[in-house]
Amino acid sequence: MTDAYDAVVVGAGPAGLNAALVLGGADRRVLLLDGGPPRNVRAQAAHGVFTRDGVTPTHLKTIGLADLAPYPVTVVPQLAREAAFTSDGFALRLEGMWVRSQRLLLATGVRDVLPTLPGLRERWGKTVHHCPYCDGWPNRDARLGVLGSGQEGHHLALSVRSWSDEVTLLTDGPDELTAEQRLDLQRVGITVQTGRLLRLAGREDVRVRFRGGGDLCLDALFLNPTQQQCSTLPAALGCDLNDKSRVVVNENGMTSVRGVWAAGDMTGAPQYVMSAASGGMTAAVSLNTTLIHEEVRRMGAAFHKSPDEGPEGKAS
Ligand SMILES: Cc1cc2nc3c(=O)[nH]c(=O)nc-3n(C[C@H](O)[C@H](O)[C@H](O)COP(=O)(O)OP(=O)(O)OC[C@H]3O[C@@H](n4cnc5c(N)ncnc54)[C@H](O)[C@@H]3O)c2cc1C
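Numbering of the sequence shown is given in UniProt numbering, commencing with residue 1 and proceeding in unit increments.
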């Protein structure tokens with residue numbers, strides 16, 4: 001066992017970077033574990049990012065790391081591999097060493113599980129997207145496809161329709177739509193193609209090849225991939241997960257496990273850069289508030305008369 005920290009932030013995407021910034025600014029001894037690139041690394045630009053619209057995800061991370069320089073934040077480019085409870089907090093196993101921390105802030109993100117359709121993975125973040133708020137504007141009024149069926153396909157197709165009036169829903173087999181949903185799509189001019197897909201091709205555009213023969217040329221394709229937690233740490237620590245495997249947090253980013261906070265995509269929607277950064281800030285402030293309360297208590301003072309009003313309930 002080597003170093004001891006006030007807080008370890010696990011994950012250096014927008015949520016973890018902003019959490020580390022806030023905790024560093026509170027003069028906490030922070031370890032930020034940077035286990036790899038952010039979720040949107042394959043995208044050419046990040047949109048909807050206040051003051052940085054269109055920034056590349058890699059550059060945004062570079063700026064985020066540089067912002068930490070004045071603060072007592074140590075950045076280590078390693079994965080947290082295991083976590084254990086100790087008498088005064090937590091121990092985390094990195095490559096070849098353990099570190100100790102009073103508090104943990106998890107910002108480990110989610111992994112997109114893409115369909116196995118040949119040609120799709122290579123186009124992810126380039127001409128294949130999941131979110132019209134992120135990639136709708138560069139593709140406005142273009143030929144857009146939505147890959148999906150049933151309620152999800154219906155929902156995404158109607159949303160994408162707001163960016164273009166040329167939208168095709170590709171269901172890759174039975175559409176699983178209700179009669180009402182089919183009528184909805186017809187009403188707003190969305191074409192439905194149920195043919196099985198063979199593969200995607202194209203460089204600047206997306207050429208959809210059907211198994212039965214024939215191509216459809218699109219400018220971009222949208223789909224809603226399923227997601228998994230990037231890290232097994234939340235489950236291993238015993239954090240409650242919801243039915244979509246997202247970590248359950250309260251309004252302050254606290255998980256069900258005392259001393260553990262979580263922020264960003266791993267806690268569920270909305271999943272955007274700014275939302276993740278905001279979640280990181282909220283969780284960091286709450287985490288730091290619990291440390292302040294402990295310190296004040298040790299000095300014989302208290303913010304609250306009743307223990308029920310502590311930092312884990314209402315924000316102070
Ligand atoms: C293709 C694509 C394009 C997108 N475009 C946009 C956009 O234009 N605008 C927008 O607002 N949003 C966009 N998003 C969503 C955005 O990327 C996410 O909302 C945001 O990155 C979430 O930030 P996060 O910090 O929660 O997680 P992440 O960015 O996923 O960061 C989590 C970090 O934790 C690390 N990690 C995981 N496990 C460990 C571990 N055990 N130890 C240490 N580190 C670990 C990961 O390696 C990763 O670096 C896009 C997403 C995708 C997939």
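All C-beta atoms in this analysis are idealised placements derived from N, C-alpha and C, irrespective of residue type, glycine included. Note that the structure is predicted; figures quoted are calculated from it, not measured.
Within a Cβ cutoff of 7 Å, which residues of the same chain sit near residue i, ignoring the five residues on either side of it in sequence?
i	result
MET274	GLY48, VAL49 and PHE50
LEU183	none
ARG111	GLN227, GLN228 and CYS230
ALA284	ALA19, VAL22, LEU23 and LEU105
Cβ of residue i within 8 Å of any heavy atom in ligand 3?
i	result
HIS59	Looking at this structure, you won't find ligand 3 anywhere; what it does contain is ligand 1.
Output needed for residue i: all residues of its chain with C-beta closer than 6 Å, excluding positions within five of it in sequence on either side, in chain order.
i	result
LEU117	LEU197
GLN44	none
VAL75	LEU32 and ASP34
ARG28	ASP6 and ALA7
Report yes if the C-beta distance between residue i and residue j is below 9 Å; otherwise report no.
i	j	result
ALA107	ALA276	yes
ALA7	VAL41	no
ALA220	VAL208	no
GLY16	LEU94	no
ALA12	LEU65	yes
VAL247	THR267	yes
VAL167	THR191	yes
GLY153	ASP175	yes
SER159	ASN139	no
LEU170	VAL146	yes
If residue i and residue j are in contact, beta carbons under 8 Å, what's the gap, nearest whole angstrom?
i	j	result
GLY150	LEU156	Actually they are not in contact, since the Cβ atoms of GLY150 and LEU156 sit about 11 Å apart, beyond 8 Å.
GLY24	VAL73	4 Å
LEU200	LEU114	Not confirmed; about 11 Å, so no contact.
ARG161	CYS217	Going by Cβ atoms, the distance from ARG161 to CYS217 rounds to 19 Å, so no, they are not a contact pair.
Using a Cβ-Cβ cut-off of 8 Å (strictly less than) and excluding sequence neighbours within five positions of residue i, which residues of its own chain qualify?
i	result
GLY313	Unreliable positioning characterises GLY313 in this predicted model, as indicated by a pLDDT of 46, which lies under 50. A coordinate reading is not provided.
Drop a sphere of 10 angstroms on the beta-carbon of residue i, count the other beta-carbons inside from all chains shown, and report buried for 16 or more, exposed for fewer.
i	result
PHE222	buried
SER101	buried
PRO132	buried
PRO37	exposed
HIS129	buried
GLU82	exposed
MET254	buried
LYS244	exposed
ALA20	buried
ALA263	buried
ALA301	exposed
PRO270	exposed
ASP265	buried
Check: Can you list the alpha helix (DSSP H) stretches of 4 or more residues lying completely in the region 143-215, in chain order?
Finding: 150-160 and 179-187
Next item on the list: Would you list, in sequence order, the uninterrupted beta strand (DSSP E) runs of no fewer than 3 residues that lie entirely inside the region 242-305?
Entry: 260-262
Checklist line | Inside the region 41-91 only - beta strand (DSSP E) runs reaching at least 3 residues | finding: 73-76 and 82-86
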